[in-house]
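So the structure is just underneath, and the comments pick up after that.
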Amino acid sequence: MSWVQEEIIKAIHVYVDGIADKLKYDKTIMGKVVSINGGSAVVEVNGSNQTCRVKAGVDVVAGDVVLVKVPNNNKNHKYIDGKLL
């Protein structure tokens, strides 16, 4: 690949990384439950703690590794969808 092609690809990566949070797509991330607060839980994701709702029928306890769904990339609607055994 030539230098020009590499620079074009780098520019595209920078642009896409900058708008990734604005794109509307469902996202699934993994995290670890830190604590439970009624119908929500504090989950550690990539070193930061985030509060997530818990899907009905999913029983989680502190220390569980969980799958967190972020519908339409809207962080205000994230919820724990399940846990890994």
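Each residue of the sequence shown is one higher than the one before, counting from 0 in numbering that gives the first Met the number 0.
Built from N, CA and C at the ideal position, the CB exists for glycine as well.
All values reported here derive from a predicted model rather than from experimental measurement.
| Query | Result |
| --- | --- |
| Would you call Gly46 buried or exposed, if buried means 16 or more other Cβ atoms sit within 10 Å of its Cβ? | exposed |
| Go ahead and label Ile79 buried or exposed: buried means 16 or more other beta carbons lie within 10 angstroms of its beta carbon, across all protein chains shown. | buried |
| In whole angstroms, give me the CA-to-CA distance for Thr27 and Val67. | 6 Å |
| Considering only DSSP beta bridges, list what Gly17 is partnered with. | In the DSSP output, where bridge partners are listed per residue, Gly17 has none listed. |
| Using the three-state DSSP reduction, which class does Asn48 fall into: helix, strand or coil? | strand |
| Span of the beta strand (DSSP E) holding Ser1? | Here Ser1 belongs to no beta strand (DSSP E), and DSSP marks it neither H nor E. |
| Is the number of C-beta pairs between the region 31 to 42 and the region 57 to 65 that are closer than 8 Å three or more? | yes |
| Report the residue from Lys77, Lys9, Ser1, Gln4 whose alpha carbon sits nearest the alpha carbon of Val42. | Lys77 |
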